[in-house]
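Visitor:
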Amino acid sequence: MTALVGVAAWVPPGRVAIEEPAGRLGLSGMQVKIFRRYHRLGEVARDPDGELRDLLRAALERLDALRGREHLVRYVLHARTFPTVVPYPHDPVRQVCEEFGLGHAAVFAVGHHACASGLLALDAAGRLLAADGDPEGLALVLTGEKAFTAEARLVPDTSFFGEGAAACLVAAQGERDRLLAYATELRGDFDTDDPETALEFQRVYADELASAITAAVARAGLAMEDVGVILPHNVNRVAWHQVCRTLGYPRERVVLDNVATTGHVFCADSFVNYRTAQDRGLLRQGEPYVMAAAGAGRGATFSAMAFVH
Amino acid sequence: MMRTFVPHGAAAALPAGWGVRRTARLAFPGPSALAADPAHTERLRVYLADLLQPYGLALDEAALARGGQSYGEMAEALIAQAVPPGESVDLLVLAYSVPDITPGRATTTWLSHLCPGTPMALAVSDQGPAAAFTALRLIQAYAAGAGLLRALLLVVEQDALPYDPGVPVALPTGSHGVALLLGPPAPGERTATIGALTTSAAPGRPGAEALAGAGGAHVPVTAIVGPALPPPPGAHRVRTADAGRPTTGVWWELAAELAAPPPGPHRLVLADQATDRGTVSLAAFDVAAAVRHAATAGRRP
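Those sequence lines, one after another, are chains X and S.
Quick note, the first sequence lines up with residues 44 to 352 if you use this note's numbering.
Quick note, the second sequence lines up with residues 1230 to 1530 if you use this note's numbering.
#1: I'd like to know if Ala102 (chain X) contacts chain S, where contact means its C-beta is closer than 8 angstroms to some C-beta of that chain.
#2: From the DSSP output, which residues share a beta bridge with Val1450 (chain S)?
#3: Using only the alpha-carbon positions, how far apart do Val1385 (chain S) and Val198 (chain X) sit?
#4: Please decide whether Asp1515 (chain S) counts as near chain X, where near means a Cβ-Cβ distance under 8 angstroms.
#5: Nearest to Thr235 (chain X) by alpha carbon, out of X:Ala149, X:Val297, X:Ala339, X:His82?
#6: Go ahead and pull the three-state DSSP assignment for Pro1348 (chain S).
#7: Opposite Gly1502 (chain S) in the DSSP bridges: which residues?
#8: Using only CA atoms, which one of X:Gly154, X:Leu84, X:Ala190 lies nearest to Ala1364 (chain S)?
#9: Would you list, in sequence order, the uninterrupted alpha helix (DSSP H) runs of no fewer than 4 residues that lie entirely inside the segment 255-333 of chain X?
#10: Given a limit of 9 angstroms on CB to CB distance, which residues of the segment 225-236 of chain X reach chain S?
#11: Mind reading off the beta-carbon distance from Arg230 (chain X) to Ala343 (chain X)? Whole number of angstroms is fine, and I expect it under 8 angstroms.
#12: How many whole angstroms separate the CB atoms of Ala208 (chain X) and Thr186 (chain X), which I take to be in contact at a CB cut-off of 8 angstroms?
#13: For Asp92 (chain X), which residues from the same chain have a beta carbon less than 6 angstroms from its beta carbon, with the 5 sequence-adjacent residues on both sides left out?
#14: Whose Cβ in chain S lies nearer than 7 angstroms to the Cβ of Ser254 (chain X)?
#15: Per DSSP, Cys211 (chain X) forms a beta bridge with which residues?
#16: Any beta carbon of chain S sitting closer than 8 angstroms to that of Gly342 (chain X)?
#17: Taking the alpha helix (DSSP H) that Arg1272 (chain S) belongs to, which residues open and close that run?
#18: Name, in chain order, the residues that DSSP records as bridge partners for Phe1609 (chain S).
#19: Gln1369 (chain S) touches chain X at which residues, Cβ-Cβ below 8 angstroms?
#20: Specify, as a first and last residue, the run of the beta strand (DSSP E) that Arg1251 (chain S) falls within.
#21: Answer with buried or exposed for Lys76 (chain X), where buried requires no fewer than 16 other C-beta atoms within 10 angstroms of its C-beta.
#22: Assign His121 (chain X) to one of three DSSP states: helix, strand, or coil.
#23: Given this structure, state the Cα-to-Cα distance separating Asp90 (chain X) from Glu1271 (chain S), to the nearest angstrom.
#24: Leaving out five residues before and five after His284 (chain X) in sequence, what residues of the same chain have Cβ atoms less than 6 angstroms from its Cβ?
#25: Helix, strand or coil for Asp1515 (chain S)? Go by DSSP, reduced to three states.
#26: Should Gly1436 (chain S) go down as buried or exposed, given a rule of 16 or more other Cβ atoms within 10 Å for buried?
#27: With a threshold of 8 angstroms between beta carbons, is Val1235 (chain S) in contact with chain X?
#28: What is the DSSP secondary structure of Met73 (chain X), counted as helix, strand or coil?
#29: In terms of residues, what are the limits of the beta strand (DSSP E) holding Arg1466 (chain S)?
#30: Counting only beta-carbon atoms, is Leu222 (chain X) nearer than 8 angstroms to chain S?
#31: Would you mind working out which of X:Phe314, X:Gln328, X:Gly306 sits nearest Asn87 (chain X), comparing C-alpha positions?
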């Protein structure tokens, strides 16, 4: 059964107020006010002098579980919100892998679930390892991107992207942070420029994300009251309060600490929030928890995973 | 359609005969319909200019104006050819190397909406020609471990790259796509079951060794090799993929082989090498002898 061997995250110390990307994107003062007062967003993380490989390198440097196990890593999956993040055929992910003694591993990108691609990559990594039948084999899931263009700075009407990265070491089996179930819904019908469809997306957002969480929890044989904590994607507080209302789940058990200070760190949110939950002692041995994410922007994906710590 | 999965400790056995049931291959000589949309082209211009700027690279406006392909459109045509009417798919995996003209789009999410069965869908990229082999490995893993038995592998490439990347790059000479429909065989259907499936790093060239060893099989072996690999010793027949199809080449030839297979049992061994990283990928397909139906057999000399 797929298990997380170690999780590391890196959010650079640089911050810019949301007015900065909002100004570059031409948002009105009223729109910024809504983001600040209604969505409770404040600032986003930035690494102005760093590239993608600097973000990934910083996350890998913090992945203590990798030390001495590099030779066991069979796969490195870079899970992406945006399918293309560097000019082709530049490959900073592979360069970083070589720096960390992972040049022997199969290194590739996996995604097209937008910001829910990180959860997809965890599931895919576990399945590749299980299919190999090598009990010692490991996979590394990397997440994190640069906010390099307008599309990668703003989730319309929802959030601003922040820069950061995470590295998650995955095994086909293990006792620590075992994956119990994964649920995902792909909504390609939202892949349109039609404004009415965009409104419909906003209307169903909370219900669809709640459905994914409910489905993962049920498939794991659990009830929502069994879930100790939810590690969300950092879009905004209001969206999660709506999800909590739908689920009947206490909002204080959703780790929203980073929403106002990092922004939406692409596919890395769940792992950044895992570290926060770990630091706050919110992950308790034997207690289930949930990672959840929605990917939006030309299509939508709603995903959730149930784990036991 | 909400799909739920539980992980498995070990992969379960696949149904007998699970493998490639049907193939399609298509060339796309003209630009996509999307390339004619000026609003889209403007979005693409901004995206690419911002992508290139940190690398000190510049957009080639003339090349941008010539357009390019959308993998969504290419896949739509491939799905129409590969998935028979009335059938559906549980899993769709898109493999590619060169980005298309929708570099920020979650294309497979759109394809899930388009493809019969509303399949789970994902993409594998940034691995050169090995991406398609990894995609096939994922299909095998999801079939065995998650019960997604009816799968579609789409391997695509397009030739438009509107910038000089400043490093060596092997671009295709055209836009091509190959589809492999996989699943348990329908009654009387002949499938190509999957044997060895590996991607190995360069030292020792284990992939190349395995390819040479394939000649020791007890059935005739046809090797389908990428242009960077020498003809392997031991194969009864060799097809070398066109260098102008760096990602789809061996799959293009596989589709041709499976479209008109010889009647006897045989093995097809695909091998391709990523020239920039030296890895060799290998996939073996076994095709059983054609079953001669009594009525048909009786009419043959």
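Every residue, glycine too, gets a C-beta built ideally from N, C-alpha and C.
Guide: According to the data block:
#1: Translated into positions along the first sequence, residue 102 (chain X) becomes position 59. By this cut-off, Ala102 (chain X) is not an interface position.
#2: Numbered from 1 along the second sequence, position 221 holds the residue referred to as residue 1450 (chain S). DSSP, once it has assigned bridges, lists S:Arg1496 as partnering Val1450 (chain S).
#3: The sequence position of residue 1385 (chain S) within the second sequence is 156, counting from 1. The sequence position of residue 198 (chain X) within the first sequence is 155, counting from 1. Near 29 angstroms, if we compare the C-alpha coordinates of Val198 (chain X) and Val1385 (chain S).
#4: To locate residue 1515 (chain S), count along the second sequence from 1; it is residue 286. Nearest CB-CB separation between Asp1515 (chain S) and chain X: not below the 8 angstroms threshold.
#5: Indexing the first sequence from 1 puts residue 235 (chain X) at position 192. For Thr235 (chain X), the closest C-alpha among the options X:Ala149, X:Val297, X:Ala339, X:His82 is that of X:Ala339.
#6: Position 119 of the second sequence, counting from 1, holds the residue named residue 1348 (chain S). Pro1348 (chain S): coil per DSSP, three-state reduction.
#7: Mapped onto the second sequence, residue 1502 (chain S) falls at position 273. With the sequence shown as reference, residue 1502 (chain S) is identified as Gln, and Gly is not the correct amino acid for it. Residue pairing by DSSP places Gln1502 (chain S) opposite S:Val1509 in a beta bridge.
#8: Locating residue 1364 (chain S) in the second sequence gives position 135, where the first residue counts as 1. Of the listed residues, the one whose Cα sits closest to Ala1364 (chain S) is X:Gly154.
#9: With a minimum length of 4 residues, the continuous alpha helix (DSSP H) runs that stay inside the segment 255-333 of chain X are 280-290, 302-305, 312-322.
#10: For the segment 225-236 of chain X, which is checked against every Cβ of chain S, the residues closer than 9 angstroms are Tyr225, Ala226, Thr227, Glu228, Leu229, Arg230, Gly231, Asp232, Phe233, Asp234, Asp236.
#11: For the purposes of this step, residue 230 (chain X) is identified with residue 187 of the first sequence, where counting begins at 1. For the purposes of this step, residue 343 (chain X) is identified with residue 300 of the first sequence, where counting begins at 1. Between the beta-carbon of Arg230 (chain X) and that of Ala343 (chain X) there is about 4 angstroms, and that keeps the pair under the 8 angstroms contact cut.
#12: As a working mapping, residue 208 (chain X) is identified with position 165 in the first sequence. As a working mapping, residue 186 (chain X) is identified with position 143 in the first sequence. Confirmed, about 6 angstroms.
#13: Position 49 of the first sequence holds residue 92 (chain X). Result list for Asp92 (chain X): empty, nothing under 6 angstroms.
#14: Taking the first sequence and counting its residues from 1, one reaches residue 254 (chain X) at position 211. Listed along the chain, the chain S residues whose CB falls inside 7 angstroms of the CB of Ser254 (chain X) are Met1231.
#15: Here residue 211 (chain X) refers to the residue found at position 168 of the first sequence. Bridge partners of Cys211 (chain X): X:Val50, X:Val184.
#16: Position 299 of the first sequence holds residue 342 (chain X). By this cut-off, Gly342 (chain X) is an interface position.
#17: By one-based count along the second sequence, residue 1272 (chain S) stands at place 43. In the DSSP annotation of this structure, the continuous segment of the alpha helix (DSSP H) that includes Arg1272 (chain S) starts and ends at 1267-1281.
#18: This structure leaves residue 1609 (chain S) out entirely; chain S is present only between 1230 and 1530.
#19: Indexing the second sequence from 1 puts residue 1369 (chain S) at position 140. The answer, in chain order, is Ala174.
#20: As a working mapping, residue 1251 (chain S) is identified with position 22 in the second sequence. Start and end: 1248-1256.
#21: Position 33 of the first sequence holds residue 76 (chain X). Residue environment: Lys76 (chain X) is assigned as exposed (fewer than 16 neighbouring CB atoms within 10 Å of its CB, all protein chains considered).
#22: What you label residue 121 (chain X) is simply residue 78 of the first sequence in a count that begins at 1. His121 (chain X): strand per DSSP, three-state reduction.
#23: Along the first sequence, read from residue 1 onward, the residue named residue 90 (chain X) stands at position 47. Along the second sequence, read from residue 1 onward, the residue named residue 1271 (chain S) stands at position 42. The straight-line gap from Cα to Cα measures roughly 27 angstroms.
#24: Taking the first residue of the first sequence as 1, we reach residue 284 (chain X) at position 241. The residues Arg294, in chain order, have a CB closer than 6 angstroms to that of His284 (chain X) in the same chain once the five nearest residues on each side in sequence are set aside.
#25: One-based indexing of the second sequence puts residue 1515 (chain S) at position 286. Taken through DSSP and simplified to helix, strand or coil, Asp1515 (chain S) comes out as strand.
#26: Translated into positions along the second sequence, residue 1436 (chain S) becomes position 207. Low confidence applies here, because Gly1436 (chain S) scores a pLDDT of 49, under 50, leaving its location unreliable; read the following figure in that light. By the beta-carbon neighbour count (other beta carbons within 10 angstroms, threshold 16), Gly1436 (chain S) is buried.
#27: As a first step, residue 1235 (chain S) is located in the second sequence; it is residue number 6 there, counting from the start. Interface residue, yes.
#28: As a working mapping, residue 73 (chain X) is identified with position 30 in the first sequence. Three-state result, Met73 (chain X): helix.
#29: The residue labelled residue 1466 (chain S) in the question sits at position 237 within the second sequence. DSSP places Arg1466 (chain S) inside the beta strand (DSSP E), whose first and last residues are 1466-1469.
#30: In the first sequence, counting from the first residue as 1, residue 222 (chain X) sits at position 179. Chain S contact via Cβ: present.
#31: Locating residue 87 (chain X) in the first sequence gives position 44, counting from the first residue. Correcting the residue identity first, residue 87 (chain X) is Val in this sequence and not Asn. Ranked by Cα distance from Val87 (chain X), the options X:Phe314, X:Gln328, X:Gly306 are led by X:Gly306.
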